[in-house]
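K.L.:
Take this structure first; my questions come after.
Numbering (this note's numbering), first residue to last: 40 to 485.
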(Lines of atoms letter the chains of each structure in order from A and count residues from 1; the text may use other names and numbers.)
(Lines give C-alpha, C1' and ligand atoms only; values in the text may rest on other atoms or scores of the structure.)
Protein backbone atom coordinates (compact mmCIF):
# COMPACT_ATOMS: atom_id res chain seq x y z
CA UNK A 1 0.00 0.00 0.00
CA UNK A 2 1.30 3.44 -0.89
CA UNK A 3 0.40 6.59 0.99
CA UNK A 4 0.28 10.11 -0.35
CA UNK A 5 -0.19 13.19 1.84
CA UNK A 6 -1.73 16.38 0.47
CA UNK A 7 -0.66 19.19 2.80
CA UNK A 8 -1.55 22.82 2.22
CA UNK A 9 1.76 23.89 3.71
CA UNK A 10 3.61 21.55 1.37
CA UNK A 11 1.86 23.04 -1.63
CA UNK A 12 2.97 26.51 -0.57
CA UNK A 13 6.55 25.29 -0.10
CA UNK A 14 6.61 23.77 -3.59
CA UNK A 15 5.46 27.01 -5.17
CA UNK A 16 7.91 28.96 -3.02
CA UNK A 17 10.79 26.88 -4.37
CA UNK A 18 9.80 27.65 -7.96
CA UNK A 19 9.69 31.42 -7.74
CA UNK A 20 9.71 34.36 -5.42
CA UNK A 21 6.12 35.63 -5.06
CA UNK A 22 5.17 39.18 -4.28
CA UNK A 23 1.89 39.25 -2.35
CA UNK A 24 -0.77 41.85 -3.07
CA UNK A 25 -4.33 42.75 -2.30
CA UNK A 26 -7.27 41.38 -4.20
CA UNK A 27 -7.65 42.55 -7.74
CA UNK A 28 -11.11 43.29 -9.08
CA UNK A 29 -13.00 44.50 -12.10
CA UNK A 30 -13.32 47.80 -10.14
CA UNK A 31 -16.96 48.07 -11.15
CA UNK A 32 -20.10 47.02 -9.28
CA UNK A 33 -22.67 45.77 -11.77
CA UNK A 34 -26.41 45.28 -11.28
CA UNK A 35 -28.06 41.86 -11.28
CA UNK A 36 -31.70 40.81 -11.16
CA UNK A 37 -33.31 42.39 -8.11
CA UNK A 38 -34.97 40.51 -5.25
CA UNK A 39 -38.66 39.81 -5.91
CA UNK A 40 -39.41 42.19 -3.01
CA UNK A 41 -37.45 44.86 -1.17
CA UNK A 42 -35.79 43.45 1.95
CA UNK A 43 -33.91 44.86 4.93
CA UNK A 44 -32.55 42.61 7.66
CA UNK A 45 -32.87 39.37 5.69
CA UNK A 46 -30.55 36.54 6.80
CA UNK A 47 -28.33 35.71 3.82
CA UNK A 48 -26.01 32.75 3.10
CA UNK A 49 -24.41 30.91 0.18
CA UNK A 50 -25.04 27.19 -0.27
CA UNK A 51 -24.29 24.97 -3.26
CA UNK A 52 -23.38 27.90 -5.49
CA UNK A 53 -26.67 29.71 -4.81
CA UNK A 54 -27.61 32.58 -2.48
CA UNK A 55 -30.46 32.25 0.04
CA UNK A 56 -32.28 35.19 1.71
CA UNK A 57 -34.63 34.51 4.64
CA UNK A 58 -37.25 36.86 6.08
CA UNK A 59 -36.62 40.56 6.63
CA UNK A 60 -38.83 43.65 6.30
CA UNK A 61 -39.98 45.34 3.11
CA UNK A 62 -42.34 48.18 3.95
CA UNK A 63 -40.50 50.59 6.24
CA UNK A 64 -37.19 52.33 6.81
CA UNK A 65 -35.32 49.43 8.48
CA UNK A 66 -35.67 45.95 9.98
CA UNK A 67 -36.94 46.95 13.44
CA UNK A 68 -39.98 48.60 11.89
CA UNK A 69 -42.60 47.36 9.47
CA UNK A 70 -44.00 43.89 8.98
CA UNK A 71 -41.67 40.93 9.49
CA UNK A 72 -41.68 38.38 6.64
CA UNK A 73 -41.13 34.60 6.49
CA UNK A 74 -40.22 34.33 2.81
CA UNK A 75 -37.37 32.21 1.47
CA UNK A 76 -35.83 33.40 -1.79
CA UNK A 77 -32.95 31.76 -3.65
CA UNK A 78 -30.76 33.36 -6.31
CA UNK A 79 -29.06 31.32 -9.04
CA UNK A 80 -26.07 33.26 -10.47
CA UNK A 81 -25.87 30.98 -13.49
CA UNK A 82 -29.29 32.15 -14.71
CA UNK A 83 -29.33 35.52 -12.87
CA UNK A 84 -32.77 34.68 -11.49
CA UNK A 85 -34.61 34.49 -8.14
CA UNK A 86 -37.14 31.85 -7.15
CA UNK A 87 -39.34 31.41 -4.10
CA UNK A 88 -39.00 28.42 -1.78
CA UNK A 89 -40.87 27.18 1.30
CA UNK A 90 -41.61 29.87 3.87
CA UNK A 91 -39.93 29.87 7.26
CA UNK A 92 -42.22 28.69 10.08
CA UNK A 93 -41.67 32.05 11.83
CA UNK A 94 -41.79 35.48 10.21
CA UNK A 95 -38.80 37.53 11.40
CA UNK A 96 -36.04 39.99 10.55
CA UNK A 97 -32.52 40.73 11.85
CA UNK A 98 -31.90 37.00 12.29
CA UNK A 99 -28.50 35.43 11.58
CA UNK A 100 -27.98 32.38 9.35
CA UNK A 101 -25.22 29.78 9.11
CA UNK A 102 -24.51 26.69 6.97
CA UNK A 103 -23.41 23.39 8.50
CA UNK A 104 -23.23 20.40 6.16
CA UNK A 105 -26.34 20.36 4.00
CA UNK A 106 -28.47 22.44 6.38
CA UNK A 107 -29.01 26.20 6.88
CA UNK A 108 -29.71 27.37 10.44
CA UNK A 109 -31.71 30.61 10.88
CA UNK A 110 -31.25 31.92 14.43
CA UNK A 111 -33.00 34.59 16.51
CA UNK A 112 -34.20 37.94 15.19
CA UNK A 113 -37.21 40.23 15.58
CA UNK A 114 -40.78 39.03 15.33
CA UNK A 115 -44.19 40.73 15.70
CA UNK A 116 -46.54 39.43 18.39
CA UNK A 117 -50.33 39.31 18.00
CA UNK A 118 -50.57 42.97 19.04
CA UNK A 119 -48.00 44.03 16.45
CA UNK A 120 -45.29 44.69 19.04
CA UNK A 121 -41.74 43.86 17.93
CA UNK A 122 -40.07 41.28 20.20
CA UNK A 123 -36.95 39.11 19.99
CA UNK A 124 -37.00 35.35 19.56
CA UNK A 125 -34.59 32.58 20.63
CA UNK A 126 -35.93 30.25 17.90
CA UNK A 127 -33.66 28.21 15.66
CA UNK A 128 -35.25 26.92 12.46
CA UNK A 129 -33.38 24.64 10.06
CA UNK A 130 -33.81 24.67 6.28
CA UNK A 131 -32.84 21.80 4.00
CA UNK A 132 -32.21 23.20 0.49
CA UNK A 133 -32.15 19.73 -1.05
CA UNK A 134 -35.69 18.91 0.08
CA UNK A 135 -37.02 22.48 0.50
CA UNK A 136 -38.27 21.65 4.00
CA UNK A 137 -38.04 23.18 7.48
CA UNK A 138 -37.43 21.64 10.91
CA UNK A 139 -36.58 23.14 14.30
CA UNK A 140 -33.53 22.87 16.54
CA UNK A 141 -32.81 23.76 20.16
CA UNK A 142 -33.54 27.39 21.01
CA UNK A 143 -30.97 29.84 22.29
CA UNK A 144 -31.08 30.53 26.02
CA UNK A 145 -32.27 34.12 25.34
CA UNK A 146 -33.81 35.74 22.28
CA UNK A 147 -31.51 38.09 20.36
CA UNK A 148 -31.72 40.31 17.30
CA UNK A 149 -28.80 41.49 15.16
CA UNK A 150 -26.43 38.90 16.58
CA UNK A 151 -23.65 37.70 14.26
CA UNK A 152 -22.70 34.07 13.65
CA UNK A 153 -19.78 32.01 12.33
CA UNK A 154 -19.15 28.26 11.92
CA UNK A 155 -16.19 26.21 13.14
CA UNK A 156 -16.58 22.48 12.49
CA UNK A 157 -20.07 21.40 13.57
CA UNK A 158 -20.50 24.36 15.92
CA UNK A 159 -22.31 27.65 15.22
CA UNK A 160 -21.05 30.54 17.35
CA UNK A 161 -23.57 33.35 17.93
CA UNK A 162 -22.14 36.63 19.25
CA UNK A 163 -23.45 40.01 20.42
CA UNK A 164 -26.76 41.62 19.51
CA UNK A 165 -29.62 42.94 21.65
CA UNK A 166 -31.49 40.64 24.05
CA UNK A 167 -35.14 40.42 25.09
CA UNK A 168 -34.58 43.19 27.65
CA UNK A 169 -33.39 45.55 24.87
CA UNK A 170 -29.83 45.49 26.27
CA UNK A 171 -26.74 45.36 24.05
CA UNK A 172 -24.87 42.19 25.03
CA UNK A 173 -21.41 40.63 24.84
CA UNK A 174 -22.88 37.13 25.05
CA UNK A 175 -21.30 34.28 23.07
CA UNK A 176 -23.10 30.95 22.69
CA UNK A 177 -22.29 27.93 20.56
CA UNK A 178 -24.73 25.40 19.14
CA UNK A 179 -23.34 21.91 18.60
CA UNK A 180 -25.40 20.91 15.57
CA UNK A 181 -24.67 17.22 16.15
CA UNK A 182 -26.02 17.10 19.71
CA UNK A 183 -28.36 20.11 19.55
CA UNK A 184 -26.83 21.48 22.77
CA UNK A 185 -26.01 25.16 23.38
CA UNK A 186 -22.98 26.08 25.50
CA UNK A 187 -21.82 29.44 26.84
CA UNK A 188 -18.38 30.71 25.78
CA UNK A 189 -16.11 33.55 26.87
CA UNK A 190 -17.86 36.88 26.42
CA UNK A 191 -16.80 39.44 23.85
CA UNK A 192 -14.36 42.10 25.11
CA UNK A 193 -17.10 44.65 24.30
CA UNK A 194 -20.90 44.52 24.15
CA UNK A 195 -21.98 45.28 20.56
CA UNK A 196 -25.19 45.28 18.56
CA UNK A 197 -25.22 44.41 14.84
CA UNK A 198 -21.55 43.36 14.54
CA UNK A 199 -20.15 41.26 11.69
CA UNK A 200 -18.46 37.90 12.20
CA UNK A 201 -16.51 35.59 9.89
CA UNK A 202 -14.59 32.33 10.32
CA UNK A 203 -11.15 31.87 8.81
CA UNK A 204 -8.43 29.28 9.45
CA UNK A 205 -10.17 27.85 12.51
CA UNK A 206 -10.65 31.26 14.19
CA UNK A 207 -13.59 33.68 14.39
CA UNK A 208 -13.16 37.39 13.68
CA UNK A 209 -15.56 40.03 15.00
CA UNK A 210 -15.74 43.43 13.31
CA UNK A 211 -17.79 46.57 13.97
CA UNK A 212 -21.03 46.89 15.88
CA UNK A 213 -22.72 49.58 17.97
CA UNK A 214 -21.53 49.91 21.58
CA UNK A 215 -24.23 52.42 22.59
CA UNK A 216 -26.77 54.76 21.05
CA UNK A 217 -26.78 58.55 21.27
CA UNK A 218 -23.19 58.85 22.50
CA UNK A 219 -19.84 59.75 20.98
CA UNK A 220 -17.59 56.89 19.83
CA UNK A 221 -20.70 54.74 19.66
CA UNK A 222 -19.30 52.45 16.95
CA UNK A 223 -16.76 49.73 17.63
CA UNK A 224 -13.66 50.00 15.44
CA UNK A 225 -11.69 47.19 17.12
CA UNK A 226 -11.28 43.79 15.48
CA UNK A 227 -11.23 40.75 17.77
CA UNK A 228 -10.08 37.17 17.12
CA UNK A 229 -11.58 34.18 18.92
CA UNK A 230 -9.80 30.85 19.31
CA UNK A 231 -12.38 28.13 20.04
CA UNK A 232 -9.70 25.80 21.40
CA UNK A 233 -8.42 28.20 24.07
CA UNK A 234 -11.83 29.97 24.38
CA UNK A 235 -10.04 33.35 24.35
CA UNK A 236 -10.69 36.64 22.51
CA UNK A 237 -7.68 38.70 21.41
CA UNK A 238 -7.62 42.31 20.17
CA UNK A 239 -6.24 42.67 16.65
CA UNK A 240 -6.05 45.65 14.29
CA UNK A 241 -8.67 48.42 14.00
CA UNK A 242 -11.11 49.04 11.16
CA UNK A 243 -10.56 52.23 9.19
CA UNK A 244 -14.06 53.32 10.20
CA UNK A 245 -16.19 51.88 12.98
CA UNK A 246 -19.63 50.96 11.70
CA UNK A 247 -22.49 48.47 12.23
CA UNK A 248 -25.09 46.39 10.37
CA UNK A 249 -22.60 45.72 7.58
CA UNK A 250 -22.81 42.81 5.17
CA UNK A 251 -19.82 40.44 5.47
CA UNK A 252 -18.21 37.82 3.22
CA UNK A 253 -14.88 35.98 3.05
CA UNK A 254 -12.95 35.41 -0.18
CA UNK A 255 -9.33 34.45 -0.91
CA UNK A 256 -8.48 34.55 2.79
CA UNK A 257 -9.74 38.12 3.28
CA UNK A 258 -12.83 39.39 5.09
CA UNK A 259 -14.95 42.02 3.32
CA UNK A 260 -17.35 44.30 5.20
CA UNK A 261 -19.75 46.19 2.95
CA UNK A 262 -21.67 49.38 3.76
CA UNK A 263 -22.92 50.02 7.28
CA UNK A 264 -24.80 52.55 9.35
CA UNK A 265 -21.95 55.04 9.55
CA UNK A 266 -20.41 54.63 6.09
CA UNK A 267 -23.08 53.51 3.66
CA UNK A 268 -20.89 53.02 0.58
CA UNK A 269 -17.57 52.01 2.17
CA UNK A 270 -16.05 48.57 1.62
CA UNK A 271 -13.20 47.51 3.91
CA UNK A 272 -10.97 44.44 3.65
CA UNK A 273 -9.43 42.80 6.70
CA UNK A 274 -6.50 40.44 6.07
CA UNK A 275 -6.20 38.06 9.07
CA UNK A 276 -2.70 36.92 8.07
CA UNK A 277 -1.28 40.43 7.69
CA UNK A 278 -3.59 41.85 10.41
CA UNK A 279 -4.30 45.01 8.44
CA UNK A 280 -7.29 46.78 6.90
CA UNK A 281 -7.47 48.31 3.42
CA UNK A 282 -10.17 49.93 1.32
CA UNK A 283 -11.95 48.54 -1.72
CA UNK A 284 -14.19 49.86 -4.50
CA UNK A 285 -17.14 51.72 -2.95
CA UNK A 286 -20.67 50.40 -3.40
CA UNK A 287 -22.76 52.03 -6.11
CA UNK A 288 -25.73 52.35 -3.73
CA UNK A 289 -25.06 53.10 -0.06
CA UNK A 290 -26.84 50.67 2.26
CA UNK A 291 -26.84 48.85 5.59
CA UNK A 292 -28.79 45.87 7.01
CA UNK A 293 -28.02 44.12 3.71
CA UNK A 294 -26.68 40.63 2.98
CA UNK A 295 -23.53 39.48 1.20
CA UNK A 296 -22.31 36.23 -0.34
CA UNK A 297 -19.54 34.89 -2.59
CA UNK A 298 -20.11 32.56 -5.56
CA UNK A 299 -17.29 31.60 -7.97
CA UNK A 300 -15.12 34.63 -7.22
CA UNK A 301 -18.07 37.03 -7.44
CA UNK A 302 -18.90 39.16 -4.39
CA UNK A 303 -22.63 39.96 -4.11
CA UNK A 304 -24.53 42.46 -1.95
CA UNK A 305 -28.29 42.00 -1.61
CA UNK A 306 -31.04 44.34 -0.43
CA UNK A 307 -30.67 46.48 2.71
CA UNK A 308 -31.82 50.01 3.45
CA UNK A 309 -30.66 53.58 2.92
CA UNK A 310 -32.31 54.55 6.23
CA UNK A 311 -34.75 56.91 4.54
CA UNK A 312 -38.53 56.55 4.68
CA UNK A 313 -39.43 53.72 2.29
CA UNK A 314 -35.68 53.38 1.72
CA UNK A 315 -35.57 49.58 1.80
CA UNK A 316 -33.87 48.17 -1.30
CA UNK A 317 -34.33 45.11 -3.50
CA UNK A 318 -31.32 45.76 -5.71
CA UNK A 319 -28.47 43.26 -6.12
CA UNK A 320 -24.94 44.23 -7.16
CA UNK A 321 -21.83 42.18 -7.80
CA UNK A 322 -18.13 42.68 -8.43
CA UNK A 323 -15.47 40.24 -9.65
CA UNK A 324 -12.57 39.60 -7.31
CA UNK A 325 -9.49 37.79 -8.56
CA UNK A 326 -6.71 36.24 -6.55
CA UNK A 327 -3.46 38.20 -6.84
CA UNK A 328 -1.13 36.60 -9.35
CA UNK A 329 2.38 35.97 -7.97
CA UNK A 330 5.06 38.08 -9.63
CA UNK A 331 7.96 35.97 -10.89
CA UNK A 332 11.18 37.83 -10.23
CA UNK A 333 13.93 37.20 -12.81
CA UNK A 334 17.04 35.42 -11.62
CA UNK A 335 19.89 37.98 -11.49
CA UNK A 336 22.74 37.54 -13.98
CA UNK A 337 25.97 36.37 -12.31
CA UNK A 338 28.55 39.11 -11.80
CA UNK A 339 31.76 38.59 -13.79
CA UNK A 340 34.93 38.32 -11.69
CA UNK A 341 38.44 39.04 -13.02
CA UNK A 342 40.61 36.05 -13.77
CA UNK A 343 43.60 35.58 -11.46
CA UNK A 344 47.04 36.49 -12.89
CA UNK A 345 48.41 33.04 -12.13
CA UNK A 346 45.81 30.35 -12.56
CA UNK A 347 45.79 28.04 -9.56
CA UNK A 348 46.46 24.39 -10.02
CA UNK A 349 43.14 22.64 -10.35
CA UNK A 350 42.25 20.66 -7.30
CA UNK A 351 40.13 17.63 -7.81
CA UNK A 352 36.93 17.89 -5.84
CA UNK A 353 34.22 15.30 -5.65
CA UNK A 354 31.20 16.09 -7.72
CA UNK A 355 28.18 16.96 -5.58
CA UNK A 356 25.40 14.45 -5.42
CA UNK A 357 22.34 15.92 -7.06
CA UNK A 358 19.12 14.91 -5.38
CA UNK A 359 16.33 14.97 -7.95
CA UNK A 360 13.23 16.97 -7.09
CA UNK A 361 10.48 14.50 -6.19
CA UNK A 362 7.47 14.45 -8.45
CA UNK A 363 3.98 13.65 -7.24
CA UNK A 364 3.20 9.96 -7.30
CA UNK A 365 0.61 8.77 -9.75
CA UNK A 366 -2.20 6.52 -8.60
CA UNK A 367 -1.16 2.86 -8.56
CA UNK A 368 -4.25 1.25 -7.04
CA UNK A 369 -7.89 1.13 -8.02
CA UNK A 370 -9.22 2.12 -4.58
CA UNK A 371 -8.06 4.25 -1.66
CA UNK A 372 -8.82 5.28 1.90
CA UNK A 373 -9.43 9.04 1.94
CA UNK A 374 -8.84 10.57 5.39
CA UNK A 375 -10.00 14.19 5.74
CA UNK A 376 -8.80 16.09 8.81
CA UNK A 377 -11.02 19.04 9.77
CA UNK A 378 -9.84 22.28 11.39
CA UNK A 379 -11.36 21.00 14.65
CA UNK A 380 -9.03 17.97 14.60
CA UNK A 381 -11.86 15.58 13.66
CA UNK A 382 -10.84 12.90 11.11
CA UNK A 383 -13.33 11.52 8.59
CA UNK A 384 -12.43 8.31 6.70
CA UNK A 385 -13.93 7.07 3.43
CA UNK A 386 -13.26 3.91 1.36
CA UNK A 387 -13.58 5.13 -2.25
CA UNK A 388 -12.68 4.30 -5.80
CA UNK A 389 -9.77 6.27 -7.28
CA UNK A 390 -12.25 8.02 -9.58
CA UNK A 391 -14.11 9.27 -6.52
CA UNK A 392 -10.86 10.33 -4.82
CA UNK A 393 -9.69 12.17 -7.93
CA UNK A 394 -13.07 13.93 -8.20
CA UNK A 395 -12.70 15.10 -4.57
CA UNK A 396 -9.15 16.37 -5.21
CA UNK A 397 -10.29 18.17 -8.38
CA UNK A 398 -13.10 19.88 -6.43
CA UNK A 399 -10.66 20.92 -3.69
CA UNK A 400 -8.08 22.33 -6.13
CA UNK A 401 -10.77 24.21 -8.10
CA UNK A 402 -12.15 25.73 -4.89
CA UNK A 403 -8.61 26.63 -3.79
CA UNK A 404 -8.32 28.53 -7.09
CA UNK A 405 -11.55 30.43 -6.35
CA UNK A 406 -14.17 28.47 -8.27
CA UNK A 407 -16.63 25.75 -7.44
CA UNK A 408 -19.04 25.06 -4.60
CA UNK A 409 -18.28 25.59 -0.91
CA UNK A 410 -19.21 22.00 -0.04
CA UNK A 411 -18.58 18.56 -1.56
CA UNK A 412 -20.81 15.52 -0.99
CA UNK A 413 -19.22 12.11 -0.44
CA UNK A 414 -21.47 9.04 -0.51
CA UNK A 415 -21.21 6.92 2.61
CA UNK A 416 -21.64 3.84 0.36
CA UNK A 417 -21.34 0.80 2.65
CA UNK A 418 -22.86 2.82 5.48
CA UNK A 419 -26.15 3.36 3.64
CA UNK A 420 -28.00 1.26 6.22
CA UNK A 421 -31.47 1.52 7.63
CA UNK A 422 -34.40 3.16 5.82
CA UNK A 423 -32.21 5.65 3.93
CA UNK A 424 -32.01 5.61 0.15
CA UNK A 425 -28.91 7.77 0.30
CA UNK A 426 -26.51 9.08 2.95
CA UNK A 427 -23.93 11.73 2.19
CA UNK A 428 -21.23 13.48 4.20
CA UNK A 429 -20.68 17.10 3.09
CA UNK A 430 -17.11 18.41 3.24
CA UNK A 431 -16.96 22.19 3.78
CA UNK A 432 -13.93 23.66 1.98
CA UNK A 433 -12.76 26.17 4.59
CA UNK A 434 -13.17 23.58 7.38
CA UNK A 435 -10.61 21.17 5.84
CA UNK A 436 -7.13 21.29 7.40
CA UNK A 437 -5.54 18.49 5.35
CA UNK A 438 -6.31 15.14 3.76
CA UNK A 439 -4.40 11.96 2.91
CA UNK A 440 -4.89 9.16 0.37
CA UNK A 441 -3.95 5.51 1.07
CA UNK A 442 -4.10 3.59 -2.22
CA UNK A 443 -4.67 -0.13 -2.49
CA UNK A 444 -5.74 -2.73 -5.03
CA UNK A 445 -9.11 -4.38 -4.60
CA UNK A 446 -7.86 -7.56 -6.27
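Glycine residues also receive a C-beta, built at the ideal position from the N, C-alpha and C atoms.
Quick caveat, the model's predicted, so the values are computed rather than measured.
1. Determine contact between the region 288-308 and the region 320-327, defined as no fewer than three beta-carbon pairs at a distance below 8 Å.
2. From which residue to which residue does the beta strand (DSSP E) around residue 481 run?
3. I think residue 182 touches residue 206, with their Cβ atoms under 8 Å apart; what is that distance to the nearest whole Å?
4. Please report the residue range of the beta strand (DSSP E) in which residue 277 lies.
5. Who are the Cβ neighbours of residue 490 in its own chain at under 6 Å, not counting the five residues just before and after it?
6. Taking 6 Å as the limit between beta carbons, can you name the residues of its chain near residue 471, skipping five residues before and five after?
7. Please determine if the region 312-319 and the region 327-339 are in contact, where contact requires at least 3 C-beta pairs separated by less than 8 Å.
8. So, with DSSP's three-state summary, where would you put residue 205?
9. Mind checking residue 146: buried by the 16 CB within 10 Å criterion, or exposed?
10. From the DSSP output, in three-state form, read off residue 4 for me.
11. Using the Cα positions of residue 362 and residue 339, report the straight-line distance between them to the nearest angstrom.
12. Going along the chain, which residues of its own chain have a beta-carbon closer than 7 Å to the beta-carbon of residue 222, five neighbours each way excluded?
13. Report yes or no: do the region 266-281 and the region 73-81 share at least 3 C-beta pairs separated by less than 8 Å?
14. For residue 174, collect the residues of the same chain with a Cβ closer than 8 Å to its Cβ; drop the 5 residues on either side in sequence, then sort them by chain order.
15. Any idea if residue 297 is buried or exposed, counting beta-carbon neighbours within 10 angstroms, 16 or more meaning buried?
16. Helix, strand or coil for residue 308 per DSSP?
17. Who are the Cβ neighbours of residue 220 in its own chain at under 6 Å, not counting the five residues just before and after it?
18. What's the C-alpha gap between residue 177 and residue 190?
19. Return the residue from the list 91, 166, 425, 144 that minimises the CA-CA distance to residue 120.
20. What's the gap between the Cα of residue 225 and the Cα of residue 194?
21. Closer than 8 Å by C-beta to residue 474: which residues in its own chain qualify, once you throw out the five before and the five after it? Chain order, please.
22. Span of the alpha helix (DSSP H) holding residue 79?
23. For the pair the region 100-112 and the region 130-142, tell me if three or more CB-CB distances fall below 8 Å.
24. Classify residue 271 as helix, strand or coil using the three-state DSSP reduction.
25. So what does DSSP say about residue 358, is it helix, strand or coil?
26. Using a Cβ-Cβ cutoff of less than 6 Å, which residues in the same chain neighbour residue 169 once the five nearest sequence positions on both sides are dropped?
27. Would you decide whether residue 163 is buried or exposed? Buried here means 16 or more other CB atoms lie within 10 Å of its CB.
28. Is residue 465 close to the ligand GDP? I mean its beta-carbon at under 7 Å from any heavy atom of the ligand.
29. Which residues share a DSSP beta bridge with residue 98?
30. CA-CA distance, residue 122 and residue 446?
31. Could you work out which residue in 85, 358, 434 is closest to residue 479 when comparing CA atoms only?
32. Using the beta-carbon count (16 or more within 10 Å), is residue 511 buried or exposed?
33. Could you pull out every unbroken beta strand (DSSP E) segment of at least 3 residues lying fully inside the region 121-152, listed in chain order?
34. Rounding to the nearest angstrom, what Cα-Cα distance links residue 106 and residue 350 in this structure?
35. With respect to the alpha helix (DSSP H) encompassing residue 518, which residues constitute its N-terminal and C-terminal limits?
36. Please go through the same chain and pick out, in chain order, the residues whose beta-carbon is closer than 8 Å to the beta-carbon of residue 50, but skip the five residues on each side of it.
P.N.:
Let me lay it out:
1. Output reads yes: the region 320-327 touches the region 288-308.
2. 474-482 is the extent of the beta strand (DSSP E) around residue 481.
3. For a cut-off of 8 Å, the C-beta gap from residue 182 to residue 206 is around 10 Å, too long to register as a contact.
4. Unbroken beta strand (DSSP E) run through residue 277: 274-280.
5. Nothing about residue 490 can be read from this structure; the chain reaches only from 40 to 485.
6. 441, 448.
7. With a cut-off of 8 Å on Cβ pairs, the region 312-319 is not in contact with the region 327-339, counting fewer than three such pairs.
8. DSSP places residue 205 within a strand segment (E or B) once states are collapsed to three.
9. Looking at its Cβ environment, which holds 16 or more other Cβ atoms inside 10 Å, residue 146 is buried.
10. Lying outside 40 to 485, the shown extent of the chain, residue 4 is not represented and no answer is given.
11. Each residue's Cα considered, the two are about 6 Å apart.
12. The residues 179, 180, in chain order, have a CB closer than 7 Å to that of residue 222 in the same chain once the five nearest residues on each side in sequence are set aside.
13. Segments in contact, no.
14. Correct list, in chain order: 127, 128.
15. Residue environment for residue 297: buried (at least 16 other C-beta atoms within 10 angstroms of its C-beta).
16. Of the three classes helix, strand and coil, the one that applies to residue 308 here is coil, per DSSP.
17. Answer for residue 220: 196, listed in chain order.
18. Spanning the two alpha carbons is a distance of roughly 21 Å.
19. Nearest to residue 120 by C-alpha distance, out of 91, 166, 425, 144, is 91.
20. Cα to Cα, residue 225 sits roughly 14 Å from residue 194.
21. Contacts found: 414, 415, 416, 417, 438.
22. Residue 79 -> no alpha helix (DSSP H), and no H or E assigned at all.
23. Under the Cβ criterion (8 Å, minimum of three pairs), the region 100-112 counts as touching the region 130-142.
24. In the structure shown, residue 271 falls within a coil segment according to DSSP collapsed to helix, strand and coil.
25. In this structure, residue 358 counts as strand in the three-state DSSP scheme.
26. Around residue 169: 146, 176.
27. So residue 163 ends up on the buried side.
28. Absence of the ligand GDP is noted for the structure shown, with no ligands found whatsoever.
29. Residue 98 is bridged to 111.
30. The straight-line gap from Cα to Cα measures roughly 17 Å.
31. Comparing alpha carbon positions, the residue from 85, 358, 434 closest to residue 479 is 434.
32. Examination of residue 511 is not possible in this model, given that the chain is present from 40 through 485 alone.
33. Runs of the beta strand (DSSP E) lying entirely within the region 121-152, each at least 3 residues long, are 123-127, 138-142, 145-149 in chain order.
34. Using only the alpha carbons, I get a separation of about 14 Å.
35. Residue 518 is absent from the model: the chain starts at 40 and stops at 485.
36. Reliability fails at residue 50, whose pLDDT of 37 lies under 50, so the model's placement of it is uncertain and the value that follows must be treated cautiously. Annotation for residue 50: no residue places its beta carbon closer than 8 Å to its own, counting only its chain and skipping 5 residues before and after.
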